[in-house]
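Those letters in the sequence shown? Residues 68 to 215, by the working numbering.
Just below is one structure, and these are the notes that go with it.
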Amino acid sequence: MYHHPKDIISVTVMPDIRMLTLIQKITENIGNQCGLAKAEILKTALALEEVFGYCLKMVKQEKHPSRIMITYRQENATLLIIIEHHGPQGLLEKHFMPGKEESFASTTFEAVGLKLAHDCIDDLRYILLHDGTNRFTLTISTPPGSLA
Numbered sequence: 068m069y070h071h072p073k074d075i076i077s078v079t080v081m082p083d084i085r086m087l088t089l090i091q092k093i094t095e096n097i098g099n100q101c102g103l104a105k106a107e108i109l110k111t112a113l114a115l116e117e118v119f120g121y122c123l124k125m126v127k128q129e130k131h132p133s134r135i136m137i138t139y140r141q142e143n144a145t146l147l148i149i150i151e152h153h154g155p156q157g158l159l160e161k162h163f164m165p166g167k168e169e170s171f172a173s174t175t176f177e178a179v180g181l182k183l184a185h186d187c188i189d190d191l192r193y194i195l196l197h198d199g200t201n202r203f204t205l206t207i208s209t210p211p212g213s214l215a
């Protein structure tokens, strides 16, 4: 497993909604270390909850669901939260690929959740890696000079 030099922490969790409590606590702690205001931490946690829930739904479609990995990384004045899984791709990822417009019909619970996630943070992107890994990246601006 490759770790980027700017990674703060990576955690791999079983595909279970109960893991959300742990992820939210980590997000709150990292947000505080990065100097985010309380309101920004809450919006970040909400966005992460929506993306995690979507990824959880995808991996749960498999007979043997894969684990979900969440990595927190700080680059310059930006906090990146990377969520990866090896489950199937859904119908919504294409709307968050680089160069694509995020405007789409929010007609499903999952679509509303991902649109909400996108609107809570600075950016939400998706890419499919060469090895089949599904990767969502949440981008949150942080105050300069926080958490080197």
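Beta carbons are placed, not taken as given, at the ideal position from N, Cα and C, and that holds for glycine.
Legend entry - Own chain, CB closer than 7 Å to lysine 110, minus 5 neighbours either side, in chain order: So the list reads Cys187 and Ile188, once near-sequence residues are dropped.
Inset, instruction - Use the C-beta contact count for phenylalanine 176: other C-beta atoms within 10 angstroms, 16 or more gives buried, fewer gives exposed. - result: By the neighbour-count rule (16 or more Cβ atoms within 10 Å), phenylalanine 176 is not buried but exposed.
Legend entry - Nearest neighbour of histidine 197, chosen from Ala104, Thr206, His152 and Leu205 [CA to CA]: Closest option to histidine 197, judged by alpha-carbon separation, among Ala104, Thr206, His152 and Leu205: His152.
Legend entry - Entirely enclosed alpha helix (DSSP H) segments - the stretch 92–146, minimum 4 residues: 105–126, all fully within the stretch 92–146.
Inset, instruction - Can you grab the Cα-Cα spacing for the pair leucine 138 / lysine 92, in whole Å? - result: Correcting the residue type first, residue 138 is threonine in the shown sequence and not leucine. Spanning the alpha carbons of threonine 138 and lysine 92 requires a straight line of approximately 14 Å.
Inset, instruction - With DSSP as the reference, please indicate the residues paired to glutamate 151 in a beta bridge. - result: DSSP lists Met136 and Arg202 as partners of glutamate 151.
Legend entry - Closest Cα partner of isoleucine 75 within the set Glu142, Pro82, Leu183 and Leu123: Nearest option by C-alpha distance: Glu142.
Legend entry - Residues near alanine 215 in its chain [Cβ-Cβ closer than 6 Å; skip 5 each side]: Any reading at alanine 215 must be qualified, since the residue scores a pLDDT of 48, below 50, and its modelled position is unreliable; no value is offered.
Legend entry - Close-in-space but distant-in-sequence residues of the same chain around isoleucine 84 (CB under 7 Å, 5 per side omitted): Cβ contact annotation for isoleucine 84 (same chain, cutoff 7 Å, sequence separation greater than five): Leu123, in chain order.
Legend entry - Local Cβ density within 10 Å of proline 210, reported as buried at 16 or more and exposed below that: It counts as exposed.
Legend entry - Simplified DSSP state of aspartate 186, which is helix, strand or coil: Reduced to three states, the DSSP call for aspartate 186 is helix.
Legend entry - Range covered by the beta strand (DSSP E) that runs through isoleucine 76: Its beta strand (DSSP E) spans residues 74–80.
Inset, instruction - Check leucine 181 in the structure and name its three-state DSSP category. - result: Here leucine 181 sits in helix by DSSP.
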